[in-house]
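Enquirer:
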Amino acid sequence: MNPIFIVALHQAGLPDDSVGELISVAKVIDPSSAPTALACGYGAELDSVCTSLRPMFREVWKLANEHFTGSNSEAMREALVAIVPKGSIVLLAHEHFGLDLAPGLSIKLNASYVPDVIAVEEGLKLIRQEFNGQFSVRMECDLSAGAVITIRPGCFKATSTASAEGVVIDKSAAIPTMTLHRRYITTIPAQVGDVDITKQTVLVSVGRGIQDQENIGLAEELASVLGGAVSCSRPVVDAKWLEKSRQVGSSGATVSPKVYLACGISGSFQHMTGIKGAPFLVAINKNPGAPIFQFADIGIVDDVLEFLPVLTERVREVLAGKGAAVAAR
Amino acid sequence: MNILVCVRRVPDPAENEFRLNGPRTDLSRDDLVYSINEWDNYAVEEALQITSRLGGEVTVITAGGEDDEEILRRQLAMGAQRAVLVSDEAFVETDARGIAMALAAYAKKNHFDLILTGVQAESGGAQVGGMMAAMLDLPFASLVTSIEALEGNKLKVAREVAGGNKEISEMDLPCVLSIQTGINEPRYVGMRGIRQVASVEIPSMDVGALGIAAAELQPKVERAGYFTPVSGTGAEMLSGDRDDIVNELVERLKARGGIPA
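Which chain is which? The protein sequence lines are A and B, in order.
As numbered in this note's numbering, residues 1 to 329 make up the first sequence, in order.
As numbered in this note's numbering, residues 330 to 590 make up the second sequence, in order.
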């Protein structure tokens with residue numbers, strides 16, 4: 001079987017959660033495998049990462065280079081192409097860094113590339129999703145020259161069992177000298193908006209199904225009677241109907257309300273990863289095949305533009321009725 | 330600045346209810362409405378805005394079949410100066426690497442300062458741009474949300490990273506960028522504009538004309554069948570007339586703390 005390597009992402013000297021998940025993937029691909037960690041970084045921070053990785057791996061390959069600061073995928077690709085043995089399977093997390101590094105790495109290693117895998121079946125059938133999550137597909141890949149595989153974060157349970165303390169092997173001397181054509185400058189933090197959607201108990205969240213900026217008022221009315229706020233999925237921000245600070249998802253905010261009403265949201269994984277804490281999830285969408293119905297507690301097939309005003313009115317009545325009952329006492 | 334934008338014609342998720350075909354090897358393709366891939370439309374708009382500031386031409390290219398010509402025509406109506414169709418039977422069976430190879434071969438034969446793709450298309454792989462960059466030995470950045478030209482044949486590029494943060498880098502030209510939705514507001518293309526470019530000749534070439542042997546397009550990765558995903562137990566669907574559904578939903582919301590008790 002092909003040797004397995006794991007690109008170990010890290011932050012502030014600690015391995016990323018994805019590392020444990022990728023170890024689990026390696027064990028499904030080949031139960032007898034002893035995957036090797038590839039730790040790219042620089043200085044004392046990298047040393048601390050390698051120390052934290054030792055209990056998880058038999059071997060940790062340390063790749064230290066000043067060009068690796070600022071997560072420079074171009075520099076890391078050069079190093080990995082020089083160091084990863086031919087025919088290896090390289091596992092990475094399918095996130096913004098993996099998206100930068102993995103496709104080009106597969107070309108330079110002449111390996112197969114399978115992106116955004118969510119499950120692995122026997123016989124190395126790799127499951128991924130197409131058509132915005134509406135359908136899953138089984139992929140078969142040629143392993144004769146190895147493979148680069150990215151794994152969707154959160155789909156595998158992290159392996160936490162500590163094995164025998166592994167060894168750190170410094171491979172830095174094998175990194176070729178390089179001239180970079182992409183140079184990291186800085187990271188600008190996300191803007192803060194008027195309403196903090198991460199602090200809400202109830203979110204009325206709108207997606208493409210809201211169709212027009214003027215219809216957002218329908219969601220605002222419902223949010224107002226429920227004592228919550230309006231959030232949204234990416235297409236609503238792309239269309240400039242709401243501020244970026246209202247966006248839920250991997251490129252927006254992570255929220256954990258008690259109740260989440262998804263109105264005209266299809267339910268892409270990028271959106272769903274922004275919803276934590278298992279809220280009571282109600283989905284209203286006119287497409288019965290929308291992936292959101294795979295995740296929701298309650299599903300309603302209807303046009304949000306017609307459904308929302310009726311719901312708002314009913315909630316108003318219920319609250320007024322309660323008010324009247326209290327007043328009558 | 331001369332810019333190549335790689336585009337793709339996809340079944341429009343907003344206009345279709347997708348179903349699988351009988352043997353589950355593909356969507357049921359009868360009566361599907363097709364559009365330009367949303368990410369690619371932003372990429373074309375970005376190219377048009379860059380060339381209107383700095384001069385130069387925008388070329389749109391797609392790898393597919395004769396049917397794909399319609400989206401090239403749409404992008405010409407949007408303002409692109411040239412369109413190229415790489416049409417070949419080989420694309421029915423090939424994988425993302427094969428598509429990237431064809432697009433990279435065209436880019437190599439012609440000079441471009443910048444190559445743009447959308448971040449991803451209907452298969453969600455986000456792979457063609459990064460593969461092309463590696464094949465052409467050009468720098469690459471994915472998930473790009475802004476582009477600014479700098480002195481000295483360089484760009485300042487913002488990428489979208491976790492939590493809504495932006496990563497800023499400087500890149501040498503030529504380079505390849507994959508464009509994220511929301512980077513701009515793509516202009517409207519009306520039927521009238523499309524009619525005006527109806528008679529424009531769109532050159533078509535096969536992979537042989539690009540110097541690629543059919544054997545090189547043998548897929549390394551293949552689909553072995555689709556299925557409908559089951560995640561958790563799936564939603565409990567409320568049905569009936571709208572008033573009944575609303576009443577039921579209100580009860581559930583009360584029970585779960587969504588409506589003050």
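Where is the CB? At the ideal position from N, CA and C, for every residue including glycine.
Please specify which runs of the alpha helix (DSSP H), each continuous and at least 4 residues long, are wholly inside the region 154 to 227 of chain A, giving them in chain order.
Expert: The region 154 to 227 of chain A contains these whole alpha helix (DSSP H) runs: 216 to 226.
Enquirer: Please list, in chain order, the residues of the region 216 to 228 of chain A that have any C-beta partner in chain B closer than 9 Å.
Expert: Under the 9 Å Cβ criterion, the region 216 to 228 of chain A contributes V225, L226, G227, G228.
Enquirer: Hey, is E313/A close to the ligand MG, as in C-beta under 7 Å from one of its heavy atoms?
Expert: As far as ligands go, the structure on display features none, and thus does not contain the ligand MG.
Enquirer: Check distances from the C-beta atoms of the region 455 to 473 of chain B to those of chain A and list, in chain order, the residues that come in under 7 Å.
Expert: Here the close residues are A455, Q456, G459, M460, A462, A463, M464, P468, F469, A470, S471, L472.
Enquirer: Determine, using beta carbons only, whether R571/B and F307/A come nearer to each other than 8 Å.
Expert: The residue you call residue 571/B lines up with position 242 of the second sequence. The residue you call residue 307/A lines up with position 307 of the first sequence. Yes, Cβ-Cβ distance for R571/B and F307/A is below 8 Å.
Enquirer: Alpha carbon to alpha carbon, how far is K549/B from A419/B? Give it in angstroms, no decimals.
Expert: Here residue 419/B corresponds to residue number 90 of the second sequence, with the count starting at 1. Here residue 549/B corresponds to residue number 220 of the second sequence, with the count starting at 1. Each residue's alpha carbon lies about 14 Å from the other.
Enquirer: Taking 6 Å as the limit between beta carbons, can you name the residues of its chain near T254/A, skipping five residues before and five after?
Expert: Indexing the first sequence from 1 puts residue 254/A at position 254. Excluding positions up to five away in sequence, the list reads G274, K276.
Enquirer: Look up S24/A in the DSSP assignment and say whether it is helix, strand or coil.
Expert: As a working mapping, residue 24/A is identified with position 24 in the first sequence. Three-state DSSP puts S24/A in a helix.
Enquirer: Should L383/B go down as buried or exposed, given a rule of 16 or more other Cβ atoms within 10 Å for buried?
Expert: Residue 383/B sits at position 54 when you count from the first residue of the second sequence. Result: exposed.
Enquirer: Taking C-beta pairs closer than 7 Å, name the residues in chain B that R182/A reaches, listed in chain order.
Expert: Within the first sequence, residue 182/A is the residue found at index 182, counting from 1. Per Cβ cutoff of 7 Å: P468, A470, S498, M500.
Enquirer: Between Y517/B and chain A, is any beta-carbon pair separated by less than 8 Å?
Expert: On the second sequence, position 188 is the one that residue 517/B refers to. Not one chain A Cβ lies under 8 Å of Y517/B.
Enquirer: What span of residues does the beta strand (DSSP E) with R411/B cover, start to end?
Expert: Here the question's residue 411/B lines up with position 82 in the second sequence. It spans 411 to 416 - the beta strand (DSSP E) in which R411/B sits, taken as one unbroken run.
Enquirer: Please identify the residue among G133/A, Q211/A, M1/A whose C-alpha is closest to the C-alpha of V559/B.
Expert: In the second sequence, the residue the question calls residue 559/B occupies position 230. The option with the nearest alpha carbon to V559/B is G133/A.
Enquirer: Nearest by alpha-carbon distance to Y371/B: which of D238/A, Q270/A, A262/A is it?
Expert: Within the second sequence, numbered from 1, the residue matching residue 371/B stands at position 42. Nearest C-alpha to Y371/B: D238/A.
Enquirer: Could you please give the first and the last residue of the uninterrupted beta strand (DSSP E) stretch that includes Y363/B?
Expert: Here residue 363/B corresponds to residue number 34 of the second sequence, with the count starting at 1. Looking at the DSSP string, the run of the beta strand (DSSP E) that includes Y363/B is 363 to 365.
Enquirer: Is the Cβ of D116/A closer than 8 Å to any Cβ of chain B?
Expert: Within the first sequence, the letter at position 116 stands for residue 116/A. D116/A counts as touching chain B.
Enquirer: Assign H96/A to one of two classes, buried (16 or more other C-beta atoms within 10 Å of its C-beta) or exposed (fewer than that).
Expert: As a first step, residue 96/A must be located in the first sequence, where it is residue number 96. H96/A comes out buried.
Enquirer: Tell me which residues of the region 135 to 166 of chain A have at least one Cβ-Cβ distance to chain B shorter than 7 Å, keeping chain order.
Expert: Those residues of the region 135 to 166 of chain A that come within reach of chain B (Cβ to Cβ, closer than 7 Å) are F135, S136, V137, R138, M139, E140, C141, D142.
Enquirer: Am I right that L46/A and K62/A are in contact with their C-beta atoms under 8 Å? What's the rounded C-beta distance?
Expert: Counted from its first residue, the first sequence places residue 46/A at position 46. Counted from its first residue, the first sequence places residue 62/A at position 62. That belief holds up - the Cβ atoms of L46/A and K62/A are roughly 7 Å apart, short of 8 Å.
Enquirer: Quickly, what does DSSP pair H96/A with across the bridge? List them, please.
Expert: Translated into positions along the first sequence, residue 96/A becomes position 96. Paired residue(s): none; H96/A is not in a bridge.
Enquirer: Would you call the region 61 to 80 of chain A in contact with the region 166 to 173 of chain A, where contact means no fewer than 3 C-beta pairs closer than 8 Å?
Expert: The region 61 to 80 of chain A, when compared against the region 166 to 173 of chain A, does touch it at the 8 Å Cβ threshold.
Enquirer: Are the CB atoms of Y184/A and N65/A within a distance shorter than 8 Å?
Expert: Counting from 1 along the first sequence, the entry for residue 65/A is found at position 65. Counting from 1 along the first sequence, the entry for residue 184/A is found at position 184. Taking 8 Å as the Cβ cut-off, N65/A and Y184/A do not qualify as a contacting pair.
Enquirer: Would you call the region 551 to 558 of chain B and the region 439 to 449 of chain B in contact, with 3 or more CB pairs under 8 Å?
Expert: Result no; under three Cβ-Cβ pairs closer than 8 Å.
Enquirer: Determine the chain A residues that contact P600/B at a beta-carbon separation under 9 Å, and present them in chain order.
Expert: Lying outside 330 to 590, the shown extent of chain B, residue 600/B is not represented and no answer is given.
Enquirer: Per DSSP, D501/B forms a beta bridge with which residues?
Expert: In the second sequence, counting from the first residue as 1, residue 501/B sits at position 172. K483/B.
Enquirer: Are V448/B and M407/B closer than 8 Å when you measure CB to CB?
Expert: Position 119 of the second sequence holds residue 448/B. Position 78 of the second sequence holds residue 407/B. No, these two residues do not count as a Cβ contact at 8 Å.
Enquirer: Using a Cβ cut-off of 9 Å, which residues of the region 288 to 304 of chain A contact any Cβ in chain B, in chain order?
Expert: Cβ contacts with chain B: P288, G289, P291, I292, F293, Q294, F295, A296, D297, I298, G299, I300, V301, D302.
Enquirer: What is the DSSP secondary structure of K322/A, reduced to helix, strand or coil?
Expert: Sequence index remark: in the first sequence, residue 322/A carries index 322 (1-based). Reduced to three states, the DSSP call for K322/A is helix.
Enquirer: Under 8 Å, with one C-beta from each stretch per pair, do the region 448 to 462 of chain B and the region 354 to 370 of chain B reach the 3-pair mark?
Expert: Yes, the region 448 to 462 of chain B is in contact with the region 354 to 370 of chain B.
Enquirer: Put S475/B into one of helix, strand or coil per three-state DSSP.
Expert: Along the second sequence, read from residue 1 onward, the residue named residue 475/B stands at position 146. Strand at S475/B.
Enquirer: Tell me the rounded alpha-carbon separation between T201/A and G228/A.
Expert: Against the first sequence, residue 201/A aligns to sequence position 201. Against the first sequence, residue 228/A aligns to sequence position 228. Near 6 Å, if we compare the C-alpha coordinates of G228/A and T201/A.
Enquirer: Just to check my reading of the structure: E346/B and G289/A have Cβ atoms closer than 8 Å, yes? What is that Cβ distance to the nearest angstrom?
Expert: Taking the first residue of the second sequence as position 1, residue 346/B is located at position 17. Taking the first residue of the first sequence as position 1, residue 289/A is located at position 289. Right, their Cβ atoms sit about 6 Å apart.
Enquirer: Report the CB separation of G393/B from A425/B in whole angstroms; it is logged as a contact under 8 Å.
Expert: Stepping through the second sequence from its first residue, residue 393/B is reached at position 64. Stepping through the second sequence from its first residue, residue 425/B is reached at position 96. Contact flag wrong, Cβ pair sits at about 13 Å.
Enquirer: Let me know the secondary structure DSSP gives E78/A once reduced to three states.
Expert: Here residue 78/A refers to the residue found at position 78 when the first sequence is read from its first residue. Three-state result, E78/A: helix.
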